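*Asks:*
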Ligand SMILES: [Zn+2]
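Residue numbers (this note's numbering), protein chains in the order written: chain S, 105 to 371; chain P, 10 to 344.
What follows is the structure in structure tokens.
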């Protein structure tokens with residue numbers, strides 16, 4: 105996971121209420137735009153995603169056809185947000201036959217945290233004291249996204265290998281109740297650091313289970329498309345029609361239908 | 010040439026239409042996955058649109074023998090419809106257009122149903138009256154010119170619309186009461202062929218003033234009738250019930266059209282929407298207006314050629330003005 109010089113990648117993520125867009129113009133820079141809705145404000149995905157993408161391309165003096173690769177966060181997250189991101193990415197890729205990579209939003213959170221921790225540890229060797237808001241380093245990273253309805257989307261990776269796009273998670277992405285999440289944490293090889301809006305939402309339960317949750321203003325909690333850009337640079341592109349949201353949840357109508365079917369079979 | 014995308018309900022559609030209204034391609038992928046839920050499920054429709062839209066667009070371009078950079082503009086249904094379904098089309102349309110710096114033309118779905126009548130080889134020129142009846146909408150309008158502005162001063166003046174169920178919904182709900190499953194509209198019409206339309210007298214919504222429609226009273230009347238007859242007798246007389254019920258829907262629509270023709274003095278009539286495929290409805294309307302205009306079936310049900318057709322009469326938004334465009338669920342007309 106390095107910034108491969110020369111490779112131009114546009115990445116974005118709309119799985120959470122944030123709209124995050126990043127452009128690696130191929131000269132070692134990383135240009136970014138983001139929007140985090142204020143309390144009560146609607147997400148800006150549809151209004152801002154393409155606007156930011158075009159702004160960044162303009163800033164770099166590029167257009168869509170100059171890109172080598174697109175990366176999109178496939179969630180898990182809000183269904184509507186995911187569909188805006190994935191539909192946009194697939195259409196842009198289709199228009200210029202660009203390579204497309206779907207990146208797990210949970211994986212991107214974990215990878216971004218591992219990179220900041222590594223950078224900070226290097227800096228710490230020279231200068232103390234530590235920033236209070238900084239995330240503690242841990243051997244296991246537990247990204248958690250608020251799944252609404254009192255549940256969390258969560259996964260876990262070993263910090264050592266997490267920046268490899270093909271890294272196998274210690275806990276595969278799943279929609280979990282707080283109790284199931286705590287039970288999953290107990291199975292991890294070491295006490296993890298918990299990041300993401302879901303880690304903040306379930307801070308109390310997670311801390312009781314031994315999870316380290318950084319301060320609320322830590323950047324580790326924010327999905328940042330720069331991480332998608334970096335992961336995508338080293339990833340193998342997917343077939344475009346394979347890039348779909350990781351919903352991790354069936355539609356309500358399907359659940360209701362299955363419950364009814366199960367009820368009929370039982371009686 | 011205009012490439013259009015339509016994803017307002019459960020059909021994923023793309024089409025290429027020339028500036029003068031010739032259809033180069035008209036691809037419709039009906040999802041056909043909603044029957045087991047007894048209705049269109051917005052979340053499931055949205056998931057399928059996302060899976061299908063790329064291939065549908067690719068097909069439309071290929072069948073038209075063109076490529077994206079060769080089209081003049083991309084048109085997309087902005088609303089009304091299921092908002093989650095619409096936004097897949099809007100995000101796709103915006104991204105396809107932006108990728109090549111093409112203009113984007115957002116289209117009102119109902120303007121699309123009207124503009125289906127403007128397509129070759131058999132276009133009809135305004136002014137005319139149009140009855141659009143489908144599972145999602147039922148309205149009667151006076152089409153004054155090709156444009157999309159609504160209202161008495163605009164291009165399209167809505168004279169009447171449904172107060173409750175859409176006509177197609179009335180068919181489906183009646184079918185369910187007769188045990189024909191979902192979507193039962195076509196099955197009900199099929200069954201009605203063997204029945205006596207005069208066997209039962211169902212109300213034709215005379216209680217609604219003006220040119221609006223109402224089908225809830227009719228549905229209730231059918232429910233009471235089946236209760237009165239009992240299960241056995243209902244089953245025995247199912248064809249008669251279906252025929253009489255269908256006749257009541259057709260009469261409800263026809264009486265409003267008749268009144269609208271008298272009020273406006275406009276005699277020419279066009280049909281649109283999926284219910285336009287109904288045989289007895291066409292017959293009844295043709296009796297009213299011998300030069301009745303009915304586009305081919307695939308242009309009556311939801312499709313993207315009609316969206317492209319409507320787009321021909323709208324001002325395109327140049328790149329990058331449309332990058333922030335959003336879908337809307339309901340029109341300001343509330344229909
Ligand atoms: Zn329609």
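Ideal Cβ positions, reconstructed from N, Cα and C, are used throughout, including at glycine. Computed from a predicted model, the values in this text were never measured in an experiment.
Apart from the five residues on each side of it in sequence, which residues of its chain come closer than 6 Å, Cβ to Cβ, to residue 230/P?
*Replies:* For residue 230/P, where only same-chain residues beyond five positions count, the Cβ hits under 6 Å are 211, 212.
*Asks:* How about residue 277/S and residue 348/S: do their beta carbons lie closer than 8 Å?
*Replies:* For residue 277/S and residue 348/S, no; Cβs fall outside 8 Å.
*Asks:* Apart from the five residues on each side of it in sequence, which residues of its chain come closer than 8 Å, Cβ to Cβ, to residue 328/P?
*Replies:* Result list for residue 328/P: 106, 107, 110, 111, 112, 113, in chain order.
*Asks:* In chain P, which residues lie less than 9 Å from residue 113/S when you measure between Cβ atoms?
*Replies:* Ordered by position in chain P, no residue passes the 9 Å Cβ test against residue 113/S, which lies about 16 Å from the chain.
*Asks:* Taking only beta-carbon atoms, is residue 198/S less than 8 Å away from chain P?
*Replies:* It does: the Cβ of residue 198/S has a partner Cβ on chain P nearer than 8 Å.
*Asks:* Considering only heavy atoms of ligand 1, does any lie closer than 7 Å to the CB of residue 39/P?
*Replies:* For ligand 1, not one heavy atom lies less than 7 Å from the Cβ of residue 39/P.
*Asks:* With ligand 1 as the reference, list in chain order each residue whose Cβ lies under 7 Å from any of its heavy atoms.
*Replies:* In chain order, the qualifying residues are 17/P, 18/P, 118/P, 122/P, 143/P, 145/P, 146/P, 282/P, 311/P.
*Asks:* Measure the Cβ-Cβ separation of residue 139/S and residue 127/S and say whether it is below 8 Å.
*Replies:* No; because the gap between Cβ atoms is not below 8 Å, this pair is not in contact.
*Asks:* Against residue 45/P, what residues of chain S qualify as contacts under a CB-to-CB distance less than 8 Å, listed in chain order?
*Replies:* Neighbours of residue 45/P on chain S, chain order: 361.
*Asks:* Here's the rule: buried if 16 or more other CB atoms are within 10 angstroms of the residue's CB, otherwise exposed. What is residue 292/P?
*Replies:* Residue 292/P is exposed by the Cβ-count criterion.
*Asks:* Using beta carbons (cut-off 8 Å, strictly below), is residue 155/P in contact with chain S?
*Replies:* Chain S contact via Cβ: absent.
*Asks:* Closest by CA to residue 335/P, which one among 204/S, 188/S, 193/S?
*Replies:* Answer by Cα proximity: 188/S.
*Asks:* Okay, do the segment 303–310 of chain P and the segment 86–101 of chain P touch, 3+ Cβ pairs below 8 Å being the bar?
*Replies:* Short answer: they don't touch.
*Asks:* Using a Cβ-Cβ cutoff of less than 6 Å, which residues in the same chain neighbour residue 256/P once the five nearest sequence positions on both sides are dropped?
*Replies:* Excluding residues within five positions, the ones whose Cβ falls inside 6 Å are 206.
*Asks:* Whole beta strand (DSSP E) runs in the segment 146–178 of chain P with 3 or more residues, listed along the chain?
*Replies:* If we require 3 residues or more, the beta strand (DSSP E) runs fully inside the segment 146–178 of chain P come out as 147–152, 165–170.
*Asks:* How many Å lie between residue 171/S and residue 203/S at the Cα?
*Replies:* Their Cα atoms are separated by approximately 9 Å.
*Asks:* Which residues in the same chain have their Cβ closer than 7 Å to the Cβ of residue 247/P, if we skip the five residues on either side of it in sequence?
*Replies:* Cβ neighbours of residue 247/P beyond the five flanking positions: 187, 200.
*Asks:* Taking C-beta pairs closer than 8 Å, name the residues in chain P that residue 152/S reaches, listed in chain order.
*Replies:* The contacting residues are 333.
*Asks:* Tell me which residues share the same chain as residue 327/S and place their Cβ nearer than 7 Å to its Cβ, disregarding the 5 neighbours each side in the sequence.
*Replies:* Once the five neighbours on either side are set aside, the close Cβ partners of residue 327/S are 117, 119, 120, 122, 124, 177, 209, 212, 213.
*Asks:* Does residue 188/S get closer than 8 Å to chain P when you measure Cβ to Cβ?
*Replies:* For residue 188/S, the answer is yes, since a Cβ of chain P falls inside 8 Å of its Cβ.
*Asks:* Which residues in the same chain have their Cβ closer than 6 Å to the Cβ of residue 216/S, if we skip the five residues on either side of it in sequence?
*Replies:* Excluding sequence neighbours, residue 216/S sits near 328, 331.
*Asks:* Taking 8 Å as the threshold (C-beta atoms), are residue 218/S and residue 266/S in contact?
*Replies:* Yes, they are a contact pair.
*Asks:* State yes or no: is the C-beta of residue 11/P within less than 8 Å of the C-beta of residue 151/P?
*Replies:* In this structure, residue 151/P does not lie closer than 8 Å to residue 11/P by Cβ.
*Asks:* Does any CB atom of chain P fall closer than 8 Å to the CB of residue 253/S?
*Replies:* Cβ-Cβ to chain P under 8 Å: no for residue 253/S.
*Asks:* Can you give me, in chain order, the residues of the segment 304–330 of chain P that have a beta carbon less than 8 Å from any beta carbon in chain C?
*Replies:* No chain C appears in this structure, whose protein chains are S and P.
*Asks:* The beta strand (DSSP E) that contains residue 325/S, what's its start and end?
*Replies:* Per DSSP, residue 325/S belongs to no beta strand (DSSP E) and is neither H nor E.
*Asks:* Against chain S, with Cβ distances strictly below 8 Å, would residue 38/P count as a contact?
*Replies:* No, residue 38/P lies away from the interface with chain S (no Cβ there is under 8 Å from its Cβ).
*Asks:* Just how far apart, CA to CA, sit residue 224/S and residue 115/S?
*Replies:* Near 24 Å, if we compare the C-alpha coordinates of residue 115/S and residue 224/S.
*Asks:* When the Cα of residue 249/S is compared with those of 261/S, 221/S, 279/S, which residue comes out closest?
*Replies:* Residue 279/S is the option with its Cα nearest to residue 249/S.
*Asks:* Does residue 97/P have its Cβ less than 8 Å from a Cβ in chain S?
*Replies:* Judged by the 8 Å Cβ criterion, residue 97/P is in contact with chain S.
*Asks:* Sort 196/P, 91/P, 320/P, 148/P by Cα distance to residue 338/P and report the nearest one.
*Replies:* Ranking 196/P, 91/P, 320/P, 148/P by Cα distance to residue 338/P puts 91/P first.
*Asks:* Three or more beta-carbon pairs under 8 Å between the segment 309–320 of chain S and the segment 157–169 of chain S, yes or no?
*Replies:* Flag = no, the segment 309–320 of chain S and the segment 157–169 of chain S do not touch.
*Asks:* Determine which residues share a DSSP beta bridge with residue 279/P and list them.
*Replies:* BP columns for residue 279/P point to 139/P, 302/P.
*Asks:* Can you tell me whether residue 297/P is helix, strand or coil according to DSSP?
*Replies:* Looking at residue 297/P - three-state DSSP - the assignment turns out to be helix.
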